[in-house]
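Counting in our numbering, the final residue of the sequence shown is number 438, and the numbers go up one at a time with none missing. Ideal Cβ placement from N, Cα and C applies to all residues, glycine included.
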Amino acid sequence: MIIVIFIMVVLLGFSFFFSMSEASLVATNPSLLKRLSATGDKRALMAFKLMTNRKVLFGTILLGNNIAIVAFTMLGEKTFSEGHAENWWLLLSIILFCGILLIFGEIIPKSVALEAPDHFALILSPAVAFIARLFNPLIELVHFLPSLFIKNINPEGAEKQLVSEGQIRLALIQGSQDGVVDQEERELGLKVIDFAETVVEKVMTLRGDIESLPAELSIKDAYKRIVPHGFTRVPIYANDDVDNIVGFLNVKDLLTAHIEKNHDKPLSFIKREMAFVPEKKKILDLMLDFQKEQNHIAMVIDEVGSITGLITLEDLLEEVVGEIYDEHDEPEEKIYKLGQDTFLLDGRLSVEEVNSELDVELLEEDYETIGGFVTGLFGKVPRKGQSIQHAGMNFTVVRMENRRIDQIKMKINRNGNHN
Numbered sequence: 020m021i022i023v024i025f026i027m028v029v030l031l032g033f034s035f036f037f038s039m040s041e042a043s044l045v046a047t048n049p050s051l052l053k054r055l056s057a058t059g060d061k062r063a064l065m066a067f068k069l070m071t072n073r074k075v076l077f078g079t080i081l082l083g084n085n086i087a088i089v090a091f092t093m094l095g096e097k098t099f100s101e102g103h104a105e106n107w108w109l110l111l112s113i114i115l116f117c118g119i120l121l122i123f124g125e126i127i128p129k130s131v132a133l134e135a136p137d138h139f140a141l142i143l144s145p146a147v148a149f150i151a152r153l154f155n156p157l158i159e160l161v162h163f164l165p166s167l168f169i170k171n172i173n174p175e176g177a178e179k180q181l182v183s184e185g186q187i188r189l190a191l192i193q194g195s196q197d198g199v200v201d202q203e204e205r206e207l208g209l210k211v212i213d214f215a216e217t218v219v220e221k222v223m224t225l226r227g228d229i230e231s232l233p234a235e236l237s238i239k240d241a242y243k244r245i246v247p248h249g250f251t252r253v254p255i256y257a258n259d260d261v262d263n264i265v266g267f268l269n270v271k272d273l274l275t276a277h278i279e280k281n282h283d284k285p286l287s288f289i290k291r292e293m294a295f296v297p298e299k300k301k302i303l304d305l306m307l308d309f310q311k312e313q314n315h316i317a318m319v320i321d322e323v324g325s326i327t328g329l330i331t332l333e334d335l336l337e338e339v340v341g342e343i344y345d346e347h348d349e350p351e352e353k354i355y356k357l358g359q360d361t362f363l364l365d366g367r368l369s370v371e372e373v374n375s376e377l378d379v380e381l382l383e384e385d386y387e388t389i390g391g392f393v394t395g396l397f398g399k400v401p402r403k404g405q406s407i408q409h410a411g412m413n414f415t416v417v418r419m420e421n422r423r424i425d426q427i428k429m430k431i432n433r434n435g436n437h438n
């Protein structure tokens, strides 16, 4: 009887070991293990190899843990049921052993391991690696049999290891915190992920900021207006209606026409066809369209076909690499600090950017830009110099451009008094 109890304790110890190994190796920090491996730490190298080879890791743990559990249960039931033929005694022994396995084979070892996963991963990995080598043929068999079933259900899926967007984000953030990924690489990686889900209306030039030219304008006059400003592509409208876009001007065509002395001909003579895209279109899809059609510009329309903005290839690229300046651009501060919690804002700034940069909570649902948000607070088109209070913040219109707010002074009251 004593020998049987001793063997059961040993088997329970094996279950404790395998559960603890699983929890620690799954929860450990791969970046830390990689750094320690580079310094020559053999235990870290073993742990890193195990956690990156999930087939070996889980095969070893599943095989070892299940052997220990089955042997413990069978031995315990056989020993403690001897001389007791009653069904209730069998049921009692099963409940007892399942409870022991749950507490000492699952809950306690995993809870302990998760308190210091890196520490326990280094301690336990040599033993797990040894067992993995010892039972390698059995581990291969354990994985071979279910792989046949998986391939029959989904042949392509059996060969693929999908990584979710969330896992990539987490890896970039964790890598940055651990010093494996630098800040610029992290930001670039996160921007690439966001790129796939961003829609056109989030990055377009708003309708009120579009520079356009009438189709009747002569090439000579257009040359005088366009070339000094460095524009490369400009929308062309007809019938004195800026919403009636009939094409766009490519500056190369303008220069060619100017050289060929076609000074008096209208822009309609050299205009190119303009593309129109819905504002809810994904910018990744638009970039693929631009590439396929060798196009660089498109007008953005809403559900009823009204023009809401303009989108260019440069706008799309800037979503990934940041602001692109050429020799004609002058980098400008969109948020300029005037004093303590007082800022001068570009009216074209998104409400989301203002919230993020200034740590405030303006509602984003109804307005894209801070200029539009402040106009909404007034309930009408404001005049230069007008001020309005909102949620402990004071907004003053500094400059108007036509009917659009171009610059706003924003003063934030952070003392909690929003009256």
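**Q.** Closest residue to L368 among K353, T361 and K301 (Cα-Cα distance)
**A.** The residue given as residue 368 occupies position 349 in the sequence shown. Of the candidates K353, T361 and K301, the one whose C-alpha sits nearest the C-alpha of L368 is K353.
Q. Residues in its own chain within less than 8 Å of G120 by CB, not counting five upstream and five downstream?
A. Residue 120 sits at position 101 when you count from the first residue of the sequence shown. Just to set this straight, residue 120 is Leu in the shown sequence, not Gly. Closer than 8 Å at the Cβ level, and outside the excluded window around L120, lie L31, S34, I88, F91 and T92.
**Q.** the region 57 to 67 in contact with the region 124 to 133 per 3-pair CB rule at 8 Å
**A.** no
Q | Nearest-angstrom Cα separation, counted from M65 out to P156 | A | Residue numbering aside, residue 156 sits at position 137 when the sequence shown is read from its first letter. Residue numbering aside, residue 65 sits at position 46 when the sequence shown is read from its first letter. If you take the alpha carbons of P156 and M65, they lie about 19 Å apart.
(Q) Quick check: L504 and I302, are their CB atoms within less than 7 Å of each other? (A) Summary: the structure shown does not reach residue 504, with the chain confined to residues 20 through 438, and so no result is reported for it.
Q. When burial is assigned at 16 or more other CB atoms within 10 Å of the CB, is P401 buried or exposed?
A. On the sequence shown, position 382 is the one that residue 401 refers to. So P401 counts as buried.
(Q) Just verifying my parser: in three-state terms, what is the DSSP assignment at L232? (A) Residue 232 sits at position 213 when you count from the first residue of the sequence shown. L232: strand per DSSP, three-state reduction.
Q: Please confirm whether M27 and G124 have their CB atoms less than 7 Å apart.
A: Within the sequence shown, the letter at position 8 stands for residue 27. Within the sequence shown, the letter at position 105 stands for residue 124. Cβ distance not < 7 Å, so M27 and G124 don't count as in contact.
**Q.** For I255, the residue or residues it bridges with in DSSP
**A.** Along the sequence shown, read from residue 1 onward, the residue named residue 255 stands at position 236. Per DSSP, L232 and G266.
Q: Write down the C-beta distance between I264 and I255 rounded to the nearest angstrom, noting that I regard them as a contact closer than 8 Å.
A: Here the question's residue 264 lines up with position 245 in the sequence shown. Here the question's residue 255 lines up with position 236 in the sequence shown. That belief holds up - the Cβ atoms of I264 and I255 are roughly 7 Å apart, short of 8 Å.
Q: Give the straight-line distance between the Cα atoms of M419 and G411, rounded to the nearest whole angstrom.
A: The residue given as residue 419 occupies position 400 in the sequence shown. The residue given as residue 411 occupies position 392 in the sequence shown. Rounded to whole angstroms, M419 to G411 spans 24 Å at the Cα level.
Q. According to DSSP, is F37 helix, strand or coil?
A. Here residue 37 is taken as the residue at index 18 of the sequence shown, counted from 1. Helix.
Q | Neighbourhood of Q180 by C-beta distance below 8 Å, restricted to the same chain and skipping five residues each side | A | Within the sequence shown, the letter at position 161 stands for residue 180. Because Q180 sits at a pLDDT of 48, beneath the cut-off of 50, its placement in the model cannot be relied upon, and the point is left open.
Q) In chain order, what residues of the same chain lie with their CB nearer than 8 Å to the CB of M39, ignoring the 5 residues before and after it? A) Taking the sequence shown and counting its residues from 1, one reaches residue 39 at position 20. Within the same chain, M39 has close Cβ partners P128, K129, V131, A132, F139 and L143.
Q: Identify which residue in L110, K68 and I330 has its Cα closest to the Cα of E48.
A: The residue given as residue 48 occupies position 29 in the sequence shown. Checking the sequence shown, residue 48 turns out to be Asn, not Glu. For the residues L110, K68 and I330, the minimum Cα distance to N48 belongs to K68.
Q. Excluding the five sequence neighbours on either side, which residues of its own chain have a C-beta within less than 8 Å of the C-beta of N438, listed in chain order?
A. Counted from its first residue, the sequence shown places residue 438 at position 419. Caution is warranted here: a pLDDT of 47 is assigned to N438, below 50, making its placement in the model unreliable, and no coordinate value can be reported.
Q. Where does F2 land, buried or exposed, given buried means 16+ other C-beta within 10 angstroms?
A. Any answer about residue 2 is impossible in this case: the structure gives the chain only from 20 up to 438.
Q) What is the rounded straight-line gap between the Cα of Y386 and the Cα of Q202? A) Along the sequence shown, one-based indexing puts residue 386 at 367. Along the sequence shown, one-based indexing puts residue 202 at 183. Rounded to whole angstroms, Y386 to Q202 spans 31 Å at the Cα level.
Q) Relative to the alpha-carbon of L232, which residue among L160, N258 and F295 has its alpha-carbon at the smallest distance? A) What you label residue 232 is simply residue 213 of the sequence shown in a count that begins at 1. Minimum Cα distance to L232 is reached at N258.
Q: To the nearest angstrom, report how far apart E380 and T415 are at their CA atoms.
A: In the sequence shown, the residue the question calls residue 380 occupies position 361. In the sequence shown, the residue the question calls residue 415 occupies position 396. Taking the straight line from one Cα to the other gives about 18 Å.
Q: Take the Cβ of I126 as the centre, count every other Cβ of all protein chains shown within 10 Å, and call the residue buried at 16 or more, exposed below.
A: Locating residue 126 in the sequence shown gives position 107, where the first residue counts as 1. Classification for I126: exposed.
Q: Could you say if the region 285 to 293 and the region 267 to 276 meet the contact criterion of at least three C-beta pairs nearer than 8 Å?
A: The region 285 to 293 vs the region 267 to 276: in contact.
Q: Could you name the residues of the same chain whose beta carbon sits closer than 8 Å to that of R188, not counting the 5 residues immediately before and after it, in chain order?
A: Here residue 188 is taken as the residue at index 169 of the sequence shown, counted from 1. For R188, where only same-chain residues beyond five positions count, the Cβ hits under 8 Å are L209 and I212.
Q | V261 beta carbon less than 7 Å from that of D334 | A | On the sequence shown, residue 334 is found 315 positions in, with the first residue counted as 1. On the sequence shown, residue 261 is found 242 positions in, with the first residue counted as 1. It is not a contact, given that the beta carbons lie outside the stated cut-off.
Q. Going by beta carbon distance, what residues of the same chain come within less than 6 Å of F37, once the five residues before and after it are set aside?
A. Along the sequence shown, read from residue 1 onward, the residue named residue 37 stands at position 18. Excluding sequence neighbours, F37 sits near I80, G83 and N84.
Q. What's the gap between the Cα of A146 and the Cα of F163?
A. In the sequence shown, counting from the first residue as 1, residue 146 sits at position 127. In the sequence shown, counting from the first residue as 1, residue 163 sits at position 144. Going from the Cα of A146 to the Cα of F163 covers about 24 Å.
Q: Determine the burial state of M70: buried for a count of at least 16 other Cβ atoms within 10 Å of its Cβ, exposed for fewer.
A: Numbered from its first residue, the sequence shown carries residue 70 at position 51. By the neighbour-count rule (16 or more Cβ atoms within 10 Å), M70 is buried.
Q) Just curious, the beta strand (DSSP E) that A317 is in, first and last residue? A) For the purposes of this step, residue 317 is taken as residue 298 along the sequence shown, with counting starting at 1. Residues I316 to I320.
Q | Bridge partner(s) assigned by DSSP for L225 | A | To locate residue 225, count along the sequence shown from 1; it is residue 206. DSSP output for L225 lists G328 as bridge partner(s).
Q) Name the DSSP bridge partner or partners of S369? A) Here the question's residue 369 lines up with position 350 in the sequence shown. For S369, which the question treats as bridged, DSSP gives the partners T388.
Q: Helix, strand or coil for G83, going by three-state DSSP, please let me know.
A: Looking up residue 83 in the sequence shown gives position 64. Of the three classes helix, strand and coil, the one that applies to G83 here is helix, per DSSP.
Q: Under the assumption that F250 contacts E230 (Cβ atoms under 8 Å), give the Cβ distance between them as a whole number of angstroms.
A: Here residue 250 refers to the residue found at position 231 when the sequence shown is read from its first residue. Here residue 230 refers to the residue found at position 211 when the sequence shown is read from its first residue. Between E230 and F250 the Cβ distance is about 7 Å, and since that is below 8 Å, they are a contact.
**Q.** 8 Å Cβ shell around Q405 - same chain, five flanking residues per side excluded
**A.** The residue labelled residue 405 in the question sits at position 386 within the sequence shown. The residues are F397, T415 and V416.
Q: Use the C-beta contact count for T388: other C-beta atoms within 10 angstroms, 16 or more gives buried, fewer gives exposed.
A: The residue you call residue 388 lines up with position 369 of the sequence shown. Buried, since its Cβ has 16 or more Cβ neighbours within 10 Å.
Q) Looking at the structure shown, is F414 part of a helix, part of a strand, or coil, going by DSSP? A) Stepping through the sequence shown from its first residue, residue 414 is reached at position 395. Three-state DSSP puts F414 in a strand.
Q: State the Cα-Cα distance for the pair P350 and L44, rounded to the nearest angstrom.
A: Translated into the one-based positions of the sequence shown, residue 350 becomes position 331. Translated into the one-based positions of the sequence shown, residue 44 becomes position 25. For P350, the pLDDT reaches just 48, beneath the cut-off of 50, and the residue's location in the model is therefore unreliable, although a value from the coordinates is still provided. About 49 Å.
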